[in-house]
Amino acid sequence: MKFLILLALSWHLYSKVISDDVKDPSNFCMKALYHKETPGPEALLHGQVWDGSWEYTPDDKPCMKIWFDPANGNPNDAVFSSKMQSTKPASTNLLGLCSLIFILMFVIILSLFVAFVKMRNRFRKGILC
Numbered sequence: 144m145k146f147l148i149l150l151a152l153s154w155h156l157y158s159k160v161i162s163d164d165v166k167d168p169s170n171f172c173m174k175a176l177y178h179k180e181t182p183g184p185e186a187l188l189h190g191q192v193w194d195g196s197w198e199y200t201p202d203d204k205p206c207m208k209i210w211f212d213p214a215n216g217n218p219n220d221a222v223f224s225s226k227m228q229s230t231k232p233a234s235t236n237l238l239g240l241c242s243l244i245f246i247l248m249f250v251i252i253l254s255l256f257v258a259f260v261k262m263r264n265r266f267r268k269g270i271l272c
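If you want it as C-alpha cells, here you go:
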C-alpha cells in the first residue's frame with residue numbers, strides 16, 4: 144500500500160523527470176547517475192520506493208529495461224544471462240558445499256540407523272555386549 148500511495152503522489156514529478164531528461168523512455172539507465180548525484184523531487188521516489196535497488200549502468204554493460212516490445216523478445220534476458228555468468232562460480236561452489244553436507248548427513252543418519260538395528264537385534268537375542 145505504501146508503494147501505491149507514494150507512486151501516486153510522486154508520479155507527476157517522476158513523469159516530468161522522464162520526459163525532460165530521457166528522450167527514449169525504453170532505456171533510462173544513462174540518467175540514473177544524474178538522479179543519484181542530483182537529488183530533486185525524484186529523490187523521494189528513488190529513495191523510498193526503489194530503495195537503492197537500481198543503480199547506474201555504464202553503456203558497455205547490459206541494462207535492465209522496464210518498457211520494451213515483447214514481440215521483439217525480452218532484452219532483460221541478456222542481463223539475466225550476463226549476471227548468472229558472473230555469479231556462476233560462487234553458486235556452483237555453494238551447490239557443491241550443500242551437496243557435500245547432504246551426503247555427509249545421509250551417511251551419518253544411515254550409520255546411526257544401522258547401529259540402532261544391530262543393537263535392537265542384540266537386545267532381542269539377550270546379548271548385551
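First residue of the sequence shown? That's 144 in our numbering, and the numbers climb one at a time after it. Here a beta-carbon is modelled for each residue, glycine too, at the ideal position from N, C-alpha and C.
| Item | Value |
| --- | --- |
| Alpha carbon to alpha carbon, how far is Asn215 from Ser229? Give it in angstroms, no decimals. | 25 Å |
| Assuming Asn219 contacts Lys208 (C-beta within less than 8 Å), just tell me the rounded distance between them. | 6 Å |
| If we ignore side chains and look at the alpha-carbon of each, how far apart do Leu238 and Phe249 end up? | 16 Å |
| What is the DSSP secondary structure of Met227, reduced to helix, strand or coil? | helix |
| Where Lys261 and Ile251 are concerned, what is the direct C-alpha to C-alpha distance, given to the nearest angstrom? | 15 Å |
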